[in-house]
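J.:
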Amino acid sequence: ASIDIALKEIYRVLKYGGKFLCLEFSQIEIPVIDRFYEFYSRNIIPELGHMFANDRDSYKYLIESIKKFPKQEEFNNMISDTGFIKSRYKNLSAGVASIHSAWKIWEDEDELPIAFIPTTKALFLIYWLWVTRKFFTTE
Numbered sequence: 363a364s365i366d367i368a369l370k371e372i373y374r375v376l377k378y379g380g381k382f383l384c385l386e387f388s389q390i391e392i393p394v395i396d397r398f399y400e401f402y403s404r405n406i407i408p409e410l411g412h413m414f415a416n417d418r419d420s421y422k423y424l425i426e427s428i429k430k431f432p433k434q435e436e437f438n439n440m441i442s443d444t445g446f447i448k449s450r451y452k453n454l455s456a457g458v459a460s461i462h463s464a465w466k467i468w469e470d471e472d473e474l475p476i477a478f479i480p481t482t483k484a485l486f487l488i489y490w491l492w493v494t495r496k497f498f499t500t501e
């Protein structure tokens, strides 16, 4: 699966003003912890998968897919390149996992999405607030 295609689809279906959040396993950026985690993930995790799920291969695949996934900064740039703004990430547990976040907003006021066209209820509320404004003012 292509990460770029997935991000474009997420951007397409997310409503304007919506926030994108993604929790991913990621690359550890601290060298000493990285070596320990490398040993743990290559040797311990598949054995735990074999013990508890009788499935060593799926856990090996999980570790391989984590290694192939883009590093945090690269994935963050991919998110921004899709059109999201304020893209950032926060490492958890020294980078074992990362939370990526970004926003989808509109840039051109002439192309406001249909969702922002006032509905009848919204227009009624605006009218009611205007009519009753004398009750809410101190003049």
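The numbers in the numbering used here rise by one with no breaks, and the one at position 75 of the sequence shown is 437. Virtual Cβ for every residue (Gly too), placed ideally from N, Cα, C.
Quick one: what's L424 bridged to in DSSP?
T.: Per DSSP, none; premise fails for L424.
J.: Please list the terminal residues of the continuous beta strand (DSSP E) segment that includes F382.
T.: It spans K381 to F387 - the beta strand (DSSP E) in which F382 sits, taken as one unbroken run.
J.: Thinking C-alpha only, which one of I367, F437, W468 and S463 is nearest K381?
T.: Comparing Cα positions, the closest option is S463.
J.: For I447, write down the residues that DSSP places opposite it in a beta bridge.
T.: Answer is W465, bridged to I447.
J.: Sorted by chain position, which residues of the same chain lie with C-beta nearer than 7 Å to R374's C-beta, five sequence neighbours on each side aside?
T.: Contacts found: none.
J.: CB-CB under 8 Å to D417, same chain, minus the five flanking residues each way: which ones, in chain order?
T.: G411, listed in sequence order.
J.: With DSSP run on the structure shown, which of helix, strand or coil describes N453?
T.: N453 falls in the strand class under three-state DSSP.
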